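Asker:
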Amino acid sequence: MAKKERKKRNPKKQSGGFVRSLVIWSGGSLLVLLIVVMLLGNFFDQPILDRPGQLISRVMTPVQRTVSSAVNWVAGYFRSMKYRSNLEYEYEQLLIKVEELQDTAMLVAEYESRLNAYADLQMESVGNESMHPIAATVIGHDTGNFFSTLELDKGTRDGVQDYMAVVYSGGLVGYTYDVQNASCKVATVIDSDTTIPAKMSSSGDQGSVKGTYGMTGEALCRMYYLPENHLPRTGDEVVTSGVGMPFPRGIPIGKVRESTRGMEDNKQFVVIEPIVDFQHLEYVIIYRYIPSYAETAMLSETTVTSTLVPLSTPRPIPEFATGVGTSFEEGGVSTPIPVGETTPEPEMTETPPPPEDTPQPTISFVTRSPEPNLEYNRTTPTPDGPTPSPTPTPSPTPVPAFDMDSLHFEEEEDE
Amino acid sequence: MKFLIRPLRVFALTILSYLLDTCVMRHFYIGPVTASACWAGIAILTVSYGKKAAFFAGCVIGILMESTLASVPVIYLLSYPIITMLCAQWFADLSDRQRERRKLAVAFNRQERETTRFRALYTGKIISFFKRVVQFFRRDENMNPYLRIPLCALTSALMYNAVLVFYGYISDFGFDTGHVLRALGSSVYTAALAVILMLPYRAFLKLLGRKRVNVYQIEGDRA
Numbered sequence: 001m002a003k004k005e006r007k008k009r010n011p012k013k014q015s016g017g018f019v020r021s022l023v024i025w026s027g028g029s030l031l032v033l034l035i036v037v038m039l040l041g042n043f044f045d046q047p048i049l050d051r052p053g054q055l056i057s058r059v060m061t062p063v064q065r066t067v068s069s070a071v072n073w074v075a076g077y078f079r080s081m082k083y084r085s086n087l088e089y090e091y092e093q094l095l096i097k098v099e100e101l102q103d104t105a106m107l108v109a110e111y112e113s114r115l116n117a118y119a120d121l122q123m124e125s126v127g128n129e130s131m132h133p134i135a136a137t138v139i140g141h142d143t144g145n146f147f148s149t150l151e152l153d154k155g156t157r158d159g160v161q162d163y164m165a166v167v168y169s170g171g172l173v174g175y176t177y178d179v180q181n182a183s184c185k186v187a188t189v190i191d192s193d194t195t196i197p198a199k200m201s202s203s204g205d206q207g208s209v210k211g212t213y214g215m216t217g218e219a220l221c222r223m224y225y226l227p228e229n230h231l232p233r234t235g236d237e238v239v240t241s242g243v244g245m246p247f248p249r250g251i252p253i254g255k256v257r258e259s260t261r262g263m264e265d266n267k268q269f270v271v272i273e274p275i276v277d278f279q280h281l282e283y284v285i286i287y288r289y290i291p292s293y294a295e296t297a298m299l300s301e302t303t304v305t306s307t308l309v310p311l312s313t314p315r316p317i318p319e320f321a322t323g324v325g326t327s328f329e330e331g332g333v334s335t336p337i338p339v340g341e342t343t344p345e346p347e348m349t350e351t352p353p354p355p356e357d358t359p360q361p362t363i364s365f366v367t368r369s370p371e372p373n374l375e376y377n378r379t380t381p382t383p384d385g386p387t388p389s390p391t392p393t394p395s396p397t398p399v400p401a402f403d404m405d406s407l408h409f410e411e412e413e414d415e
Numbered sequence: 416m417k418f419l420i421r422p423l424r425v426f427a428l429t430i431l432s433y434l435l436d437t438c439v440m441r442h443f444y445i446g447p448v449t450a451s452a453c454w455a456g457i458a459i460l461t462v463s464y465g466k467k468a469a470f471f472a473g474c475v476i477g478i479l480m481e482s483t484l485a486s487v488p489v490i491y492l493l494s495y496p497i498i499t500m501l502c503a504q505w506f507a508d509l510s511d512r513q514r515e516r517r518k519l520a521v522a523f524n525r526q527e528r529e530t531t532r533f534r535a536l537y538t539g540k541i542i543s544f545f546k547r548v549v550q551f552f553r554r555d556e557n558m559n560p561y562l563r564i565p566l567c568a569l570t571s572a573l574m575y576n577a578v579l580v581f582y583g584y585i586s587d588f589g590f591d592t593g594h595v596l597r598a599l600g601s602s603v604y605t606a607a608l609a610v611i612l613m614l615p616y617r618a619f620l621k622l623l624g625r626k627r628v629n630v631y632q633i634e635g636d637r638a
């Protein structure tokens, strides 16, 4: 009974307690022995003392290598996952950045085009200062399908009058009309009601340009009344002629689009493509050009005018005495001078001095200012500006004229 | 052969801790410091299986370290077993005899404190704090093992790092705040690692979710 109770109370001691203690103590002793041997191996240079450490290292190294490679693989996998997530994050950030940059680029492009417009305006103003340019903002467009007019924010208070040239980027926009105190309207060159005297820049052939917007709906012009014996080339430039209208001459209107003639009501015309982009006009320049002043100024030169004032007394006549008692008298007889006698020296009578109060002739110089630059001074627009001009094609080959007199006809001998 | 299961478990956990320390923990650096899985495993074995297992684990890890990573001779071989045994004295489960002795000592101290209470007025707060700390380690009952494991890991890692810092100091590595901070950081990280590892380790040791046995109650019931 007592043995049973002892078994119940402490069952472990009954099952292998001695062996367990033996194992524990032998294991502990082995470990201590190993430690001692390895310690001695550090202090004594005996190969046998290093053997246990080498053996353990040889056993552990492959295990450690295997585990390490497995761990490295897992770590690499997680690192790649992290790298991938970072890549996705960076990709999203870059997309946001790209959008921001696109916005900035658009803004920059907008500012650049505006700057180009300002630069063009500046060049126009500086290049044609004699035409009294003034910049104006387009505050209204006629959105109709048949008329093309603009409204500007400059009026009579700024010196704007009717029929003043309106230009932009080296091209004619139109002319002013219906000028109010603080605003005016512009009839553009593409408007069907607009007719502007013009000439071909290359040949000087004159005609008149009329818009086609109301007729065909296209932002083009037609040039009428060109001489019949001349066909303009594609790309020839059409400029204002300054005839018939108070316009400065030489303002480019457009380029010849086709080197053929159209026909409208027995009138031949050439299609002109305007230089100005009428869809994107924001600022223009009005030339406050007054032709009467300009013509006067053109005719004026440096002149010299003299005013002759007549003398109050006649010029005295000199008297000559040839001898004693000899005088040039009417009907008198001259006495011969005897030979051997010396001729007495004639006495010179003093000429009386001119009266002091005689006025001197006055010469007055009237100097005019140099001739103002009345010809439109072309400015080179910025590349972003108007449409570049097409390359002009060579003029058509001239047709040889046949003279009937110069032709020789051979008679048939058979007859 | 059932009695061999427990030593084999201890051996397996020791080797696992060693492999964790040498192969895995180098991927888990926090700043300049990393945790020591060896000290975390030793702390878990110390609290879970007692002093003998702790000594065994300390010796094995010391020998393995000395054999494979002996950058500093003798240090690993001696510091691991010695520090393990020191910490095991404080954090391992009390034996029955020790518990009885502690019980008597605590009862005696309590009686003495009752009689000499007025002295506490003069001892001051600092001294009384140290007395409480000492009494904390001389309690008559075991502390919660889940609290003892990180404490054991922290203490052993601190001692080990102190040894290394001292070794560095005498080897002209210098001694500054950076060394101290690294030692402290590494110790705290080791304690945190012990908190993480103690659940799977104790599960492997079949100690997870096991109720504490009240020996006195069993004895009383038997009586």
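Chain order of the listed sequences is A and B. Be aware that the first sequence starts at 1, since it is given in our numbering, and climbs by one per residue. Be aware that the second sequence starts at 416, since it is given in our numbering, and climbs by one per residue. Backbone N, C-alpha and C define an ideal beta-carbon position, used for all residues, glycine too. Note that the structure is a prediction, hence the values are computed from the model and not measured.
(1) Let me make sure I understand the geometry here. Which of S202/A, I139/A, V189/A, Q206/A has the alpha-carbon closest to that of Y213/A?
(2) Among S494/B, E515/B, G465/B, L519/B, which has the Cα closest to the Cα of A503/B?
(3) Report buried or exposed for K417/B, applying the criterion of at least 16 other Cβ atoms within 10 angstroms of its Cβ.
(4) Which first and last residues belong to the alpha helix (DSSP H) in which H141/A is found?
(5) Given A468/B, which residues of its chain have a CB within under 6 Å of its CB, disregarding the five upstream and five downstream residues?
(6) Tell me which residues share the same chain as L614/B and place their Cβ nearer than 7 Å to its Cβ, disregarding the 5 neighbours each side in the sequence.
(7) Counting contacts by CB-CB distance shorter than 8 Å, is A109/A in contact with chain B?
(8) Quick one: grab the DSSP three-state call for R419/A.
(9) What do you reckon, are the CB atoms on V426/A and V166/A nearer than 8 Å?
(10) Would you say Q46/A faces chain B, with C-beta separation under 8 Å as the test?
(11) Counting only Cβ pairs nearer than 7 Å, list the residues of chain A close to K467/B.
(12) When you compare only the Cα positions, how much space is there between R288/A and V271/A?
(13) Determine, for V67/A, whether the minimum Cβ-Cβ distance to residues of chain B falls below 8 Å.
(14) I want to see whether chain A comes within less than 8 Å of F470/B, judged by CB atoms only; does it?
(15) Just to confirm before moving on: does the CB-CB distance between I134/A and I286/A stay below 8 Å?
(16) Using the three-state DSSP reduction, which class does T305/A fall into: helix, strand or coil?
(17) Go ahead and pull the three-state DSSP assignment for G207/A.
(18) Please confirm whether C502/B has its beta-carbon closer than 8 Å to some beta-carbon of chain A.
(19) Would you give the residue range spanned by the alpha helix (DSSP H) that Q64/A belongs to?
(20) P424/B lies in the alpha helix (DSSP H); which residues open and close that run?
(21) Can you list, in chain order, the residues of the segment 474–492 of chain B whose Cβ is nearer than 9 Å to any Cβ on chain A?
(22) Give, in chain order, every residue of the segment 70–103 of chain A whose Cβ lies closer than 7 Å to some Cβ of chain B.
(23) So what's R288/A in DSSP terms, helix, strand or just coil?
(24) Thinking S601/B and A450/B are a contact (beta carbons under 8 Å), I'd like their distance in whole angstroms, please.
(25) Taking the DSSP output, what are the residues bridged to R222/A?
(26) Anyone know if the C-beta pair for M60/A and T483/B falls short of 8 Å?
(27) With C-beta atoms as the reference, is V179/A less than 8 Å away from L150/A?
(28) When you compare only the Cα positions, how much space is there between S130/A and V276/A?
(29) With a threshold of 16 other CB atoms inside 10 Å of the CB of I35/A, please say whether the residue is buried or exposed.
(30) Which of the residues in the segment 439–454 of chain B, read from start to end, lie with their CB under 7 Å from any CB of chain A?
(31) Which two residues bound the contiguous alpha helix (DSSP H) that contains T449/B?
(32) Which residues in chain B sit within 7 Å of N42/A, going by Cβ to Cβ distance?
(33) E481/B lies in the alpha helix (DSSP H); which residues open and close that run?
(34) Check the Cβ-Cβ distances between S29/A and every residue of chain B, and say whether any is below 8 Å.
(35) In this structure, how does DSSP classify S586/B when only helix, strand and coil are distinguished?
(36) Does the Cβ-Cβ distance between S510/B and I476/B come in under 8 Å?
Answerer: So, from the listed chains and residues:
(1) With distances taken between CA atoms, Y213/A lies nearest to V189/A out of S202/A, I139/A, V189/A, Q206/A.
(2) Measuring from the Cα of A503/B, the nearest candidate turns out to be G465/B.
(3) Exposed is the label assigned to K417/B, since fewer than 16 other Cβ atoms lie within 10 Å of its Cβ.
(4) No alpha helix (DSSP H) contains H141/A, which is instead part of the beta strand (DSSP E) from 133–141.
(5) Excluding sequence neighbours, A468/B sits near V425, L460.
(6) Same-chain partners within the cutoff: L623.
(7) No, because no Cβ of chain B sits closer than 8 Å to the Cβ of A109/A.
(8) The requested residue 419/A does not occur in the structure, where chain A is confined to residues 1 to 415.
(9) Since the first residue of chain A shown is 1 and the last is 415, residue 426/A is not available in this structure.
(10) It does not; no Cβ of chain B falls within 8 Å.
(11) By Cβ distance, chain A contributes I24.
(12) The C-alpha of R288/A lies about 29 Å from the C-alpha of V271/A.
(13) Chain B, which has a Cβ nearer than 8 Å to the Cβ of V67/A, makes this yes.
(14) Judged by the 8 Å Cβ criterion, F470/B is in contact with chain A.
(15) A contact, by the Cβ cut-off of 8 Å.
(16) The pLDDT assigned to T305/A is 44, lower than 50, so where the model puts this residue is not dependable, and the model offers no usable value.
(17) Looking at G207/A - three-state DSSP - the assignment turns out to be strand.
(18) No, C502/B does not count as interfacial toward chain A.
(19) Segment 47–127, the alpha helix (DSSP H) holding Q64/A.
(20) According to the sequence displayed, residue 424/B carries Arg and not Pro. 420–434 is the span of the alpha helix (DSSP H), which, as asked, contains R424/B.
(21) Those residues of the segment 474–492 of chain B that come within reach of chain A (Cβ to Cβ, closer than 9 Å) are C474, V475, G477, I478, L479, E481, S482, T483, A485, P488, V489, L492.
(22) Across the segment 70–103 of chain A, CB contacts with chain B closer than 7 Å involve V71, A75, in sequence order along the chain.
(23) Reduced to three states, the DSSP call for R288/A is coil.
(24) Separation of the CB atoms of S601/B and A450/B is rounded to 7 Å, and the pair is thereby assigned contact status at 8 Å.
(25) In the DSSP assignment, R222/A forms a beta bridge with K210/A, V271/A.
(26) Yes. Within cutoff.
(27) No, they are not a contact pair.
(28) Distance between the alpha carbons of S130/A and V276/A: 22 Å.
(29) Burial of I35/A is indicated by the presence of at least 16 other C-beta atoms within 10 angstroms of its C-beta.
(30) The residues in question are V439, H442.
(31) Per DSSP, T449/B lies in no alpha helix (DSSP H) and is assigned neither H nor E.
(32) Here the neighbours are P488, V489.
(33) E481/B -> alpha helix (DSSP H) spans 466–483.
(34) False, the Cβ-Cβ gap to chain B never drops below 8 Å.
(35) In the structure shown, S586/B falls within a coil segment according to DSSP collapsed to helix, strand and coil.
(36) Not closer than 8 Å, so no.
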